[in-house]
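Enquirer:
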Amino acid sequence: TGGKDRRSGLILTIPLCLEQTSMDELSVTLDYLLSIPSEKCKARGFTVIVDGRKSQWNVVKTVVLMLQNVVPAEVSLVCVVKPDEFWDKKVTHFCFWKEKDRLGFEVILVSANKLTRYIEPCQLTEDFGGTLTYDHMDWLNKRLVFEKFTKESTSLLDELALINNGSDKGTQQEKERSVDLNFLPSVDPEMVLQTGHELLSELQQRRFNGSDGGVSWSPMDDELLAQPQVMKLLDSLREQYTRYQEVCRQRSKRTQLEEIQQKVMQVVNWLEGPGSEQLRTQWGIGDSIRASQALQQKHEEIESQHSEWFAVYVELNQQIAALLNAGDEEDLVELKALQQQLSDVCYRQASQLEFRQNLLQAALEFHSVAQDLSQQLDGLLGMLCVDVAPADGASIQQTLKLLEEKLKSVDLGLQGLREKGQSLLDQISNQASWAYGKDVTIENKENVDHIQGVMEDMQLRKQRCEDMVDVRRLKMLQMVQLFKCEEDAAQAVEWLSELLDALLKTHIRLGDDTQETKVLLEKHRKFVDVAQSTYDYGRQLLQATVVLCQSLRCTSRSSGDTLPRLNRVWKQFTITSEERVHRLETAVAFHSSAEKILQDCPEQPEAFSDVEQFDEIEAVGKSLLDRLTVPVVYPDGSEQYFGSPSDMASAAEHIREKMKLVSLKKQQLRQPEATTPES
1 TGGKDRRSGL ILTIPLCLEQ TSMDELSVTL DYLLSIPSEK CKARGFTVIV DGRKSQWNVV
61 KTVVLMLQNV VPAEVSLVCV VKPDEFWDKK VTHFCFWKEK DRLGFEVILV SANKLTRYIE
121 PCQLTEDFGG TLTYDHMDWL NKRLVFEKFT KESTSLLDEL ALINNGSDKG TQQEKERSVD
181 LNFLPSVDPE MVLQTGHELL SELQQRRFNG SDGGVSWSPM DDELLAQPQV MKLLDSLREQ
241 YTRYQEVCRQ RSKRTQLEEI QQKVMQVVNW LEGPGSEQLR TQWGIGDSIR ASQALQQKHE
301 EIESQHSEWF AVYVELNQQI AALLNAGDEE DLVELKALQQ QLSDVCYRQA SQLEFRQNLL
361 QAALEFHSVA QDLSQQLDGL LGMLCVDVAP ADGASIQQTL KLLEEKLKSV DLGLQGLREK
421 GQSLLDQISN QASWAYGKDV TIENKENVDH IQGVMEDMQL RKQRCEDMVD VRRLKMLQMV
481 QLFKCEEDAA QAVEWLSELL DALLKTHIRL GDDTQETKVL LEKHRKFVDV AQSTYDYGRQ
541 LLQATVVLCQ SLRCTSRSSG DTLPRLNRVW KQFTITSEER VHRLETAVAF HSSAEKILQD
601 CPEQPEAFSD VEQFDEIEAV GKSLLDRLTV PVVYPDGSEQ YFGSPSDMAS AAEHIREKMK
661 LVSLKKQQLR QPEATTPES
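Using the UniProt record's numbering, the letters of the sequence shown correspond one by one to residues 1 to 679.
1. When the Cα atoms are used, what is the spatial distance from Q397 to K484?
2. Should residue 680 and L16 be called a contact, given that it needs their Cβ atoms to be closer than 7 Å?
3. In its own chain, which residues sit with a C-beta less than 6 Å from the C-beta of W495, not counting the 5 before and 5 after it?
4. Check this for me: beta carbons of V267 and V314, under 7 Å apart or not?
5. To the nearest angstrom, how far is the alpha carbon of Y241 from that of A226?
6. Locate the alpha helix (DSSP H) running through L279, then write down its first and last residues.
7. Check each candidate in A544, D636, F642 and name the one with the smallest Cα separation from E580.
8. Three-state secondary structure (DSSP) at K54?
9. Does the Cβ of P189 have 16 or more other Cβ atoms within 10 Å, making it buried, or fewer, making it exposed?
10. Quick one: what's C79 bridged to in DSSP?
11. Would you give the residue range spanned by the beta strand (DSSP E) that L10 belongs to?
12. Assign G286 to one of two classes, buried (16 or more other C-beta atoms within 10 Å of its C-beta) or exposed (fewer than that).
13. One question on the structure: do L482 and T545 come within less than 7 Å of each other, judged by their Cβ atoms?
14. State the start and end residues of the unbroken alpha helix (DSSP H) segment that holds F527.
15. So, do the segment 583 to 591 and the segment 620 to 636 have three or more beta carbon pairs nearer to each other than 8 Å?
16. Whether or not the segment 522 to 540 and the segment 458 to 465 are in contact is what I'm after, with contact meaning three or more pairs of Cβ atoms, one per stretch, closer than 8 Å; do they touch?
17. Report the start-end ranges of each beta strand (DSSP E) in the segment 617 to 671 that is 3 residues or longer and not cut off at the edges.
18. Is the CB-CB distance between Q427 and A370 below 7 Å?
19. DSSP has T125 in a bridge; who is on the other side?
20. Taking Cβ to Cβ, would you say F149 is nearer than 7 Å to G196?
21. Near V75, what residues of its chain come up, given a Cβ to Cβ distance below 6 Å and the 5 sequence neighbours on each side ignored?
22. Leaving aside the five residues before and after Q205 along the sequence, list all residues of the same chain whose C-beta is less than 8 Å from its C-beta, in chain order.
23. Please report the straight-line C-alpha distance between L316 and K263, rounded to a whole angstrom.
24. What's the gap between the Cα of Q56 and the Cα of T29?
25. Kindly provide the ranges of any beta strand (DSSP E) runs that are 3 or more residues long and lie completely inside the segment 326 to 359, ordered along the chain.
26. Strictly by DSSP, which residues pair up with K4?
27. Within 8 Å, do at least three Cβ pairs link the segment 286 to 296 to the segment 354 to 368?
28. How would you call Y244, buried or exposed, if buried means at least 16 neighbouring beta carbons within 10 angstroms?
29. Of the choices V569, K660, A649, A112, whose alpha-carbon is the least far from that of S638?
30. Note the first and the last residue of the continuous alpha helix (DSSP H) segment covering T116.
31. Restricting to Cα atoms, I'd like to know which of G511, T62, N165 is closest to H591.
32. May I ask you to report which of helix, strand or coil DSSP gives M458?
33. State yes or no: is the C-beta of L324 within less than 7 Å of the C-beta of L335?
34. For L474, which option in H136, S551, I451 has the closest C-alpha, if you only look at C-alpha atoms?
35. With DSSP collapsed to three states, give me the class of W495.
36. Rounded to a whole number of angstroms, what is the C-alpha to C-alpha distance between I451 and G421?
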């Protein structure tokens, strides 16, 4: 388990169970376990714990006696852990302490809870009440991996040594024959090395890392012994495997050299012969998209033939670079010469192909931009030739925006055409450097004249369209202004209608006293001023539509209907407003007279005059109540009431209340007059 006794000797635990224990298997297991620790570790002796809590006394006795034959010299102390119910004394009369001299070690019968008298708790596993962490299956798996690695690595070392030593002896033919016979080892060296590194990493990690509980884990001596063995095997494997790889590399390099020389000459001869002749016959750029595409297709066929040889060049260059990196001096000069010759020819031919491809691509882009620009100019001209049919302001705005976008797109297209044309002209001027002595001036002049002619024609067409756009823009802006005036005039009608609706539904209160009624009257006048401004604004807008229609020589679609609606709503508003003013003024007269009577305290001689005033107040109040029940009648015969019936009832109720107060005051004035004759 990795635990140690107080003499630093390893602790060997033998757990016995209820099943029959095979002494032969136990003996073999002990031999195996005792072969793991180093000699230095064995010299410190072992403490053996025989766990007999689940076994019979006879089995325990046999195991203890067997230790005399298996490990008599290494065992210093045997602790037999007895069960809680001790064996029958008649059975256990055999005294181990009397047999110490014959056995060669001391035997102690002890309970599990008293085992700490002889061994520290930190060196005991949890089975005996200790704190030492131990996982037997983990230990077993690591041991199996170690032994498998040891076996495979030893066998692989023998095979690699045989291959490497055979390649170092004899003549060249003997070398090749030796390598062929032993070319592949029986196991993959990479896999064996990986297994060894993983095993070593696990052993080192267990050595330096703590356990999950935070207590430092004490490494087992067998693992400390395994680490140097694994490291030694790994070093030997790496050394032999490196030599083996070098043997394979040298053999592969020798077979590649002759193939490279032959392939290099094939590539050079084709590129300088048929390949160069194909490029000499291609110079035109075409006068349209279709012509340029046809030339591009022909060039792609030429490139396709070259690409096959370029692929061979790439492969050869990689092979030559690999051989140069090997560093064999006898081949360096020849390989560098081949590489330089191959690179010069391939780069020169690739540059010619790329120049031709760029030229054709530039020509195709130029013709493509020219065609797109021509279509844009045709579309813009068609749009300008169609008369503008007024629909609404939004559609006119959208049409105007579309017109501006098309003109801007034409500007960008013409600018792009100029850039493409200039770039193409620059490339054509450099074409003579690839002519191989051939005069291409005539062919270049035709291409230049064609490019310049296309750009000049597009410039003239664009200028004509710009002049027409200016005229159309002015007309459309006037249309936008016309529809805007009509829309705003209709909006003014809507606002006025909303003001009328608000006047009828919300301007209901007549005030509880003179002051409040005067405030309501002042607010109403301001409200009327807002409505007047709205009406005037609508009239001005409709006058503007008439002027714009005359300028555009068209009739307005909506102003003819808007003006009568504006006048009709304004007439209704003025009638309703006048009725509201009349009611408020009547209410002011009623409240002021009533408040004056109710606040004054006249003397007896003036009582008759006050009674006449009461009659006038009652008449005004009744008139006001009668007016609240009468609707507002418009010229078209329609009627509208102020507010709801409940709103009118609430206003009338307050007037009646004040009339009652006035009537009561009147009665108070009459009482003294009635009592005077009686007295």
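Even glycine gets a Cβ: it sits at the ideal position worked out from N, Cα and C.
Quantities reported herein were computed from a predicted structural model and do not represent experimental measurements.
Expert: Checking against the coordinates, here is how it stands:
1. 11 Å
2. Absent from the structure is residue 680, since the part of the chain shown begins at 1 and ends at 679.
3. T534
4. no
5. Y241 and A226 have their C-alpha atoms spaced approximately 22 Å apart.
6. That run of the alpha helix (DSSP H) goes 276 to 280.
7. The sequence given here places Arg at residue 580; Glu does not occur at that position. When only C-alpha atoms are compared, the closest one is F642.
8. coil
9. buried
10. I49, I108
11. 10 to 15
12. buried
13. Using a Cβ distance threshold of 7 Å, L482 and T545 count as a contacting pair.
14. 514 to 552
15. yes
16. No, because fewer than three Cβ pairs between the segment 458 to 465 and the segment 522 to 540 fall closer than 8 Å, the two stretches do not touch.
17. none
18. The answer is no: Cβ separation not under 7 Å.
19. L132
20. yes
21. F46, V48, L67, F105
22. none
23. 8 Å
24. 20 Å
25. none
26. According to DSSP, which records beta bridges pairwise, K4 is partnered with L10.
27. With the cut-off at 8 Å, the segment 354 to 368 and the segment 286 to 296 touch.
28. buried
29. V569
30. That residue, T116, is in no alpha helix (DSSP H); it is neither H nor E in DSSP.
31. By alpha-carbon distance to H591, the top candidate from G511, T62, N165 is G511.
32. Three-state DSSP puts M458 in a helix.
33. yes
34. When only C-alpha atoms are compared, the closest one is S551.
35. helix
36. 6 Å
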